[in-house]
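*Asks:*
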Amino acid sequence: MKNTEIVYSALQNAGINTELELEEVKTDCMLCGKEIEKGAKLKKVVSSNFTDYDLFRNINGTHICKECATCIKTRELRTNNIIADKDNLYLLKKNDLEEYLFNIDRYVKGEFIVGITQSFKKHNSYRCSVNTSTDIFYIREEDKEYKFNKVILGELYKKLNEAYLYFQKDEILTGQYSITRIQEFGIKKFQVYEQEFKKYRGTHQFNLLVYILNSARRNEIVKERIAKQKEEQKHKKMAEKEKKKEMKGQLSLF
Ligand SMILES: [Zn+2]
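Residue numbers for the sequence shown follow numbering that gives the first Met the number 0, so the first one is 0 and each next one is one higher.
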């Protein structure tokens with residue numbers, strides 16, 4: 000199946016309205032290039048903001064097939080991250096992505112596509128490559144496309160999550176860390192982790208993983224840690240006070 004056929008089928012299954020005004024016409028789809036006997040006129044499908052003409056396989060055509068037209072017109076496909084096979088369409092928010100990407104075999108069967116957006120306004124669906132392997136698959140992220148190796152990146156993601164409990168995303172992305180936080184994290188451990196991060200820093204995959212790190216979850220954990228540290232300091236201070244008092248008492252005996 001073509002990418003737009005997969006998405007179209009999934010949309011229908013999901014009950015998302017895919018109605019279009021189609022005309023009888025013998026031509027090739029302007030976008031995917033397949034032979035069609037029915038299609039939607041270009042002007043009925045794209046707005047004046049549309050710029051992806053470089054993707055058109057049949058730029059001299061007049062009509063777009065119902066699958067491609069539906070992908071262009073369906074707003075939900077631009078305003079969400081999408082994963083789809085022919086039966087399932089998942090419209091995902093940022094914090095859903097770690098679950099779906101690392102456990103993708105639970106969610107899709109056969110051919111599938113993955114489209115990620117950080118702008119929430121660009122077209123992704125008809126630019127996605129069709130995947131068949133859930134171990135290594137292509138992610139389309141607006142103007143970029145890259146391979147996602149689930150096992151290798153899963154290991155990296157675990158380390159990133161641990162580091163994120165001590166460092167800011169910016170520090171991880173740039174490699175410019177605060178010394179105090181390095182000490183808190185543990186210098187030896189930091190060296191091992193940073194060695195790994197260095198290998199991937201600057202890649203689309205690394206940027207994606209840092210992007211999907213869950214900041215709400217992180218802030219909860221960090222809050223707890225800081226509260227615990229404060230509590231410990233309080234106890235230490237109180238113990239010291241007690242000790243001083245005791246010594247004073249002993250001194251006054253003489
Ligand atoms: Zn088409």
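Cβ coordinates follow ideal geometry from the N, Cα and C atoms, glycine included.
1. Is F101 near K149, with beta carbons less than 8 Å apart?
2. Please classify I178 as buried or exposed, where buried requires at least 16 other C-beta atoms within 10 Å of its C-beta.
3. Using 8 Å as the limit for Cβ to Cβ distance, is R217 near chain B?
4. Would you list the residues whose beta-carbon is nearer than 5 Å to any heavy atom of ligand 1, in the order they occur in the chain?
5. If you draw a straight line from the alpha carbon of N48 to that of K121, how long is it in whole angstroms?
6. Do three or more CB pairs link the segment 81-90 to the segment 101-113 at distances below 8 Å?
7. Near N123, which residues of its chain fall below 8 Å by C-beta distance, leaving aside the five closest residues on each side in sequence?
8. Return the chain-ordered list of same chain residues with a C-beta closer than 7 Å to the C-beta of E4, the five sequence neighbours on each side being excluded.
9. Nearest to D255 by alpha carbon, out of L19, E36, E20 and L21?
10. Using a 10 Å radius around the Cβ and a threshold of 16 neighbouring Cβ atoms, would you call I211 buried or exposed?
11. If we ignore side chains and look at the alpha-carbon of each, how far apart do L155 and L91 end up?
12. Tell me the rounded alpha-carbon separation between R180 and Q249.
13. Please classify T173: is it buried, with 16 or more other beta-carbons within 10 angstroms of its beta-carbon, or exposed?
14. Whole angstroms are fine: how far does the CA of V221 sit from the CA of V44?
15. Between which two residues does the alpha helix (DSSP H) harbouring G153 extend?
16. Determine the burial state of G14: buried for a count of at least 16 other Cβ atoms within 10 Å of its Cβ, exposed for fewer.
17. In whole angstroms, what is the alpha-carbon distance linking K93 and M29?
18. In the DSSP assignment, find the unbroken alpha helix (DSSP H) run with V44 in it and report its ends.
19. Quick check: A39 and A9, are their CB atoms within less than 8 Å of each other?
*Replies:* This is what the structure gives:
1. yes
2. exposed
3. The question asks about chain B, but that chain is absent: this structure has only one protein chain.
4. In chain order, the qualifying residues are C28, L30, C31, C64 and C67.
5. Cα to Cα, N48 sits roughly 11 Å from K121.
6. Touching, per the Cβ criterion.
7. L76, R77, I81, G114, I115, T116, R139, E140 and E141
8. Closer than 7 Å at the Cβ level, and outside the excluded window around E4, lie E66.
9. A query on residue 255 cannot be resolved here, the shown segment of the chain reaching from 0 to 253 and no further.
10. buried
11. 22 Å
12. 42 Å
13. exposed
14. 48 Å
15. Start and end: K149 to Y163.
16. exposed
17. Within the model, the alpha-carbon separation for K93 versus M29 is close to 32 Å.
18. Per DSSP, the unbroken alpha helix (DSSP H) holding V44 starts and ends at L41 to V44.
19. no
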